[in-house]
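Residue numbers (the numbering used here), protein chains in the order written: chain H, 1 to 214; chain U, 1 to 214. Even glycine gets a Cβ: it sits at the ideal position worked out from N, Cα and C. Written below as structure tokens is the structure these notes are about.
Protein chains: 2
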Amino acid sequence: MARILITSGPTRQYIDPVRFLSNASSGRMGCSLAAAAIQAGHDVIIISGPVEIEYPPQAQVEYVVTTDEMLQAAEKLFPLCHGVIGVAAPCDYKPQHTATSKISKTGHPISLLLMETPDIIATLGSKKTPRQWAVGFALETDDPRFRALRKMETKNCDLMVLNSPSAIYSHQNEVEVFNSRGKILAQLRGPKTELGQQIFNLIEKHLIRNPDFQ
Amino acid sequence: MARILITSGPTRQYIDPVRFLSNASSGRMGCSLAAAAIQAGHDVIIISGPVEIEYPPQAQVEYVVTTDEMLQAAEKLFPLCHGVIGVAAPCDYKPQHTATSKISKTGHPISLLLMETPDIIATLGSKKTPRQWAVGFALETDDPRFRALRKMETKNCDLMVLNSPSAIYSHQNEVEVFNSRGKILAQLRGPKTELGQQIFNLIEKHLIRNPDFQ
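Structural data, given as structure tokens:
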């Protein structure tokens with residue numbers, strides 16, 4: 001039995017009290033991975049951005065809004081866990097300033113300076129012990145396989161799941177799973193509920209049951 | 001029996017294929033107003049941005065993503081309707097350019113120029129015939145009543161509902177309803193499902209059954 005941390009859903013970076021930067025991540029893949037892990041008898045802790053779906057009641061869920069909040073929660077919880085599945089899509093840019101009042105339209109354009117947010121999986125990857133594992137997710141529109149492998153390297157992950165860009169609009173997904181040597185372990189396609197189970201089976205086989213990580 | 005157009009939910013303005021500007025509008029108030037209107041025997045057409053909730057099956061629903069798409073659909077459908085309830089929270093800024101590829105992090109800030117989008121209710125308000133009515137919704141953090149009345153005037157609305165900023169995060173809402181002369185018709189508070197019914201009762205009484213609009 002392993003204790004598994006799952007980051008899930010989007011984060012939001014507010015420009016003013018009403019408007020924010022985000023993405024269409026729904027939390028469905030995180031939910032499906034959590035369900036598969038619980039089904040296999042593991043303990044699951046989810047750190048989730050704002051989503052409408054309901055996570056399995058057996059999971060401990062901590063809700064956050066911003067990327068900094070997600071990182072803070074992840075840094076606190078990861079040392080208690082055997083591994084992390086980083087399926088969240090954290091907002092990786094935030095406005096330099098958040099206006100305290102709703103910005104009123106004036107008829108003129110406004111200029112926004114966006115700063116990069118900290119990388120959650122890269123931060124956890126840099127801190128993991130030899131017994132801990134990390135699974136990253138990548139979504140790229142250009143050179144997807146090359147970029148996924150670069151992310152595996154720079155984020156110090158043990159498996160990388162490459163999502164198709166079409167995934168974020170849909171209940172369906174199409175993924176490739178790479179091990180840390182860049183080998184394609186599987187090419188999977190189907191409803192997110194089923195893919196979560198299949199991806200979790202690979203995590204179970206290659207990481208959770210792998211003596212290197214026990 | 002009236003044919004009623006309801007705009008509902010948020011819109012999104014994409015910065016690149018993954019990231020967008022939006023707000024936390026859930027479509028719940030739109031759904032609740034639609035249910036009340038259908039219950040009262042009216043025909044309902046909903047133009048909705050991306051939401052997770054399900055609208056009443058008796059409503060005709062047209063889904064859009066951006067503010068320009070919502071405006072285009074509204075301009076097409078409004079001439080067929082007796083009135084419009086503008087409860088959507090359209091994104092009122094859009095990036096000057098949308099990148100065709102996902103923007104990669106470089107370690108440096110990026111600068112974004114945001115242009116104002118067209119105002120949907122103001123556009124419909126400027127085109128409505130003497131027999132058509134328009135209900136606007138406002139959400140303001142500063143000088144809310146003053147700004148709500150200014151919006152009534154500039155958008156040529158017949159009723160204006162002033163939302164509390166706390167509404168967008170929650171299933172609860174707290175609103176004030178003004179008529180076109182600026183009189184407060186009602187101060188309401190409660191779950192969005194119930195408020196939709198109460199607001200719709202005011203629309204029914206002051207607009208749908210009003211001989212000026214028949």
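Item	Value
Going by the C-beta, is U:D142 closer than 7 Å to any heavy atom of the ligand ZN?	Among the components modelled here there is no ligand, and therefore nothing to report on the ligand ZN.
Interface residues of chain U around H:N23 at Cβ under 8 Å?	V18, R19, F20
Could you give the DSSP three-state label for H:I208: helix, strand or coil?	helix
List the DSSP bridge partners of U:I85.	U:I6, U:V135
Under a Cβ-count criterion, where at least 16 other Cβ atoms within 10 Å of its own Cβ denotes burial, should U:Q13 be classed as buried or exposed?	buried
What whole-angstrom Cβ distance do U:A53 and U:C81 have, given they're in contact under 8 Å?	As written in the sequence, residue 53 of chain U is Ile, which differs from the Ala given in the question. Actually they are not in contact, since the Cβ atoms of U:I53 and U:C81 sit about 22 Å apart, beyond 8 Å.
With which residues is H:L149 paired in a DSSP beta bridge?	Its beta-bridge partners do not exist; DSSP assigns none.
Give a yes or no on whether the C-beta atoms belonging to H:V84 and H:L207 are separated by under 8 Å.	no
So which residues on chain H does U:D92 lean against when the C-beta distance must stay under 7 Å?	K105
Between which two residues does the alpha helix (DSSP H) harbouring H:A99 extend?	Neither: H:A99 is in no alpha helix (DSSP H) and is coded neither H nor E.
Put U:G190 into one of helix, strand or coil per three-state DSSP.	strand
Out of curiosity, what's the CA-to-CA distance linking H:F20 and U:K192?	22 Å
Quick check on this structure: which residue in H:I184, H:L188, H:G182, H:I103 has the alpha carbon closest to the alpha carbon of H:N173?	H:L188
At what residue ranges does the segment 15-68 of chain H contain a whole run of the alpha helix (DSSP H), taking only runs of 4 or more?	28-39
What does U:M160 touch in chain H if you count any residue whose Cβ is under 9 Å from its own?	Neighbours of U:M160 on chain H: none; closest Cβ ~16 Å, over 9 Å.
With DSSP as the reference, please indicate the residues paired to H:I184 in a beta bridge.	H:F178
Identify each residue in the segment 110-141 of chain H for which the Cβ-Cβ distance to at least one residue of chain U is less than 7 Å, and report them in chain order.	I110, S111, L112, L113, L114, M115, E116, L139, E140, T141
Is there contact here, the segment 132-141 of chain H with the segment 160-167 of chain H, by at least three beta-carbon pairs under 8 Å?	yes
What three-state label does DSSP hand U:N201 in the structure shown?	helix
Would you decide whether U:E176 is buried or exposed? Buried here means 16 or more other CB atoms lie within 10 Å of its CB.	buried
At 7 Å on the CB atoms, spell out the chain H contacts of U:E52, in chain order.	E52
Please report whether the beta-carbon of H:I101 lies at a distance below 8 Å from any beta-carbon of chain U.	For clarity, residue 101 of chain H is Ser in the given sequence; the question names Ile instead. At least one chain U Cβ lies under 8 Å of H:S101.
Going by beta-carbon coordinates alone, are U:K102 and U:P50 separated by less than 8 Å?	no
With C-beta atoms as the reference, is H:L124 less than 8 Å away from H:A74?	yes
Counting along the chain, where does the alpha helix (DSSP H) carrying H:S111 start and finish?	Not the alpha helix (DSSP H): H:S111 falls in the beta strand (DSSP E), residues 110-116.
How is U:M160 classed by DSSP in three states: helix, strand or coil?	strand
Within 10 angstroms of its Cβ, does H:G9 collect 16 or more other Cβ (buried), or is it exposed?	buried
Got a sec, what are the start and stop residues for the alpha helix (DSSP H) U:Q126 sits in?	One detail in the question is off: residue 126 of chain U reads as Ser in this sequence, not Gln. U:S126 -> alpha helix (DSSP H) spans 120-127.
Roughly how many angstroms separate the alpha carbons of U:M115 and U:A99, rounded to a whole number?	15 Å
Taking all protein chains shown into account, do 16 or more other C-beta atoms lie within 10 angstroms of the C-beta of U:Q132, making it buried, or fewer, making it exposed?	buried
To the nearest angstrom, how far is it from the Cα of H:A122 to the Cα of H:T154?	7 Å
Mapping the DSSP letters down to three states, classify U:Q214 as helix, strand or coil.	coil
Rounded to the nearest angstrom, what separates U:S104 and H:L149 at their Cα positions?	15 Å
Is the Cβ-Cβ distance between H:I38 and H:P56 less than 8 Å?	yes
Restricting to Cα atoms, I'd like to know which of H:H171, H:M29, H:V135 is closest to H:M152.	H:V135
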